[in-house]
Each structure stands twice: as structure tokens, then as C-alpha cells.
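As C-alpha cells, the structure follows; a few thoughts come after it.
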DNA sequence: GTTGCTTATCGTATATTTACGATATATACA
DNA sequence: TGTATATATCGTAAATATACGATAAGCAAC
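Residue numbers (this note's numbering), protein chains in the order written: chain A, 944 to 1059; chain B, 944 to 1059.
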């Protein structure tokens, strides 16, 4: 029954939540950082860089790929991954207004005063 | 064995990942938005506003509270919740450099050219 | 004290996540 | 063709997450 009522929430929030979910593991953040730094598209290197088994890294890569945060391509006997900066920009575009919304001190009320 | 190797990752990434995890459900995003709008600290209202059972909302509130994204206080027979903008600012402070890092076109390489 | 209201917690069922080893697949090279 | 290498997928186990109804706990009002 999990997530059954997702349909009731705004589409943008569902999208943002699922991007957050894809980013909700430090290993996946680490993967993105490595890809950002190298720009080239390793995979074995990722396994070497992370304290995780090869199959686990592959699973994390799949999560990131499913979220469109990275792109992947077969390159000979190996796999080539890289950032999908389009989606990352999209994430930024969804995050910023949320943060602004949450940090705005509620127009009329006591300005910025958290109630408890 | 899940998450056993968390210790191997940078502390900041673990913190950011766990904030993302707390935000990885549209219902929880919805809760934060309601709290931002009302500034006052409802709880029954949250239940009324969300397509979820009271106990489920309470669970989500606990997740948000454990992540320090909201604060809660007992107020007579009811519970009073509000945003913890300190943590939200912290989240912003962790997110921004990550996004910048990921969007930066890798100093020397072809500028901004994703490899695949 | 009892009643009524609100919210947290318990119990439970199901689904998802995380991790690993083992295996399959696919390419390159001898 | 066979062999080596790299990566995805399978199988599996354990932990978490999600959702709900039911119950407990807390306070207010009478």
C-alpha cells in the first residue's frame, strides 16, 4: 500500500520527493561528486572509490539513472556514466522555490518568529 | 547490514543524505509547506489537509522532527508544530555547494559537455 | 472522577531499500 | 574459438519505510 496515495499530491512535489529519494544515500551523492570531478565516465573507478561492492555500486547507479540524474552508455566492455546536468538544474529549479517558501517569514505574522 | 558502511562517507554527505531522506516523501513536503504558510502550529489541521490517516501523519511528523526540520510542542490537549528554519537554512547551505559542484563544467575539459 | 477530544504509539501487513556473493552477458584480444 | 575483463542482473537476507486501524496517553471541562 506504500505510496498509494501519491496521486493526491501535487505533481511537482512528487517529482521533487523522488529526486530527494534518489539523493538520500551518501554513496549516491559520492557517485555524483566523482562524476562531476572527472567528467569522464568511469564505472570501475567508482567501485574503487567507494566502500561498497561492485554489485551495490551498480544498483546505486541504476537508481541514479532511473531518476535521470546520470546518463549511461556502453563503451566497449565497460560502461560509461556521466552527469545529466539537465535534471540537476531541474532539481535546483524545484528546490529553490521550496526553500524560499519555507524560509519566508509568513507575510503578516510576526516576522520570522518560529512559534514554539 | 544495511547502511553499515555509512561511516566511510564524509559527514556532510551523510547529513545531507539524511535530510534528503526526510524530504523524500511528498506528504512530508506538503507538511512543511502547510507549516510555512500558517506559521501557527496545527496538527489536526495537517491531518485534515492530507490524504493520509492520522497515525500516518503522526509518523511523518516524527520523521521530520527526528531530522530537526520541524519543532514540536505539547499545547494543552493538542500538539503544536512549526518549522525549524535553522535546519532548513542548513539544508540550503549544504545543497547549494553540491549543486554548484555538480553543475560546474569541470575546469579544463570541454566546457559543460556531458560525455555520453 | 468521568467524559470527550487530540495526538502518539502499538501492532501488523506489505513494499522497498540496502548489501553482498554468484552468475550471466558482452566486448576485446590472443 | 577461447580467454580475460568489466558490468549488469539474480538470488537472498536483513533492515526500513509506508500505511492503516486500534489502543494508550494527555489534558480540558464538567
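Just so you know, even glycine gets a beta-carbon here, dropped at the ideal spot from N, CA and C.
Bear in mind the structure is a predicted one, so any value in this text is a computation, not a measurement.
Asked, Found
"Residues of the region 966-994 of chain A whose Cβ lies closer than 9 Å to any Cβ of chain B, in chain order", "966, 967, 968, 969, 970, 971, 972, 973, 975, 976, 978, 979, 980, 981, 982, 983, 984, 993 and 994"
"Neighbour list for residue 956 of chain A in chain B, Cβ cutoff strictly below 7 Å", "969, 972 and 973"
"Residue 1018 of chain B - partner residues in DSSP beta bridges", "B/1021"
"As assigned by DSSP and simplified to three states, the class of residue 957 of chain B", "helix"
"Chain B within 8 Å of residue 1045 of chain A, Cβ atoms only", "yes"
"Cβ-Cβ distance between residue 1046 of chain A and residue 1032 of chain B below 8 Å", "yes"
"Spatial distance of residue 985 of chain A from residue 964 of chain A (CA atoms)", "23 Å"
"Positions along the region 1022-1043 of chain A whose CB lies within less than 8 Å of some CB in chain B", "1023, 1024, 1025, 1026, 1027, 1028, 1031, 1032, 1034, 1035, 1038, 1041 and 1042"
"Contact with chain A by residue 1007 of chain B, beta-carbon distance below 8 Å", "no"
"Any chain B beta carbon closer than 8 Å to residue 960 of chain A", "yes"
"Cβ neighbours of residue 1041 of chain A in the same chain (closer than 6 Å, five flanking residues each side left out)", "none"
"Collapsed DSSP secondary structure at residue 972 of chain A in the structure displayed", "helix"
"Run of the alpha helix (DSSP H) containing residue 991 of chain A, from where it starts to where it stops", "987-992"
"Residue 1026 of chain A in three-state terms, based on DSSP", "strand"
"Boundaries (first-last residue) of the alpha helix (DSSP H) holding residue 1007 of chain B", "997-1009"
"Assigned exposure category for residue 983 of chain B - 16 Cβ within 10 Å defines buried", "exposed"
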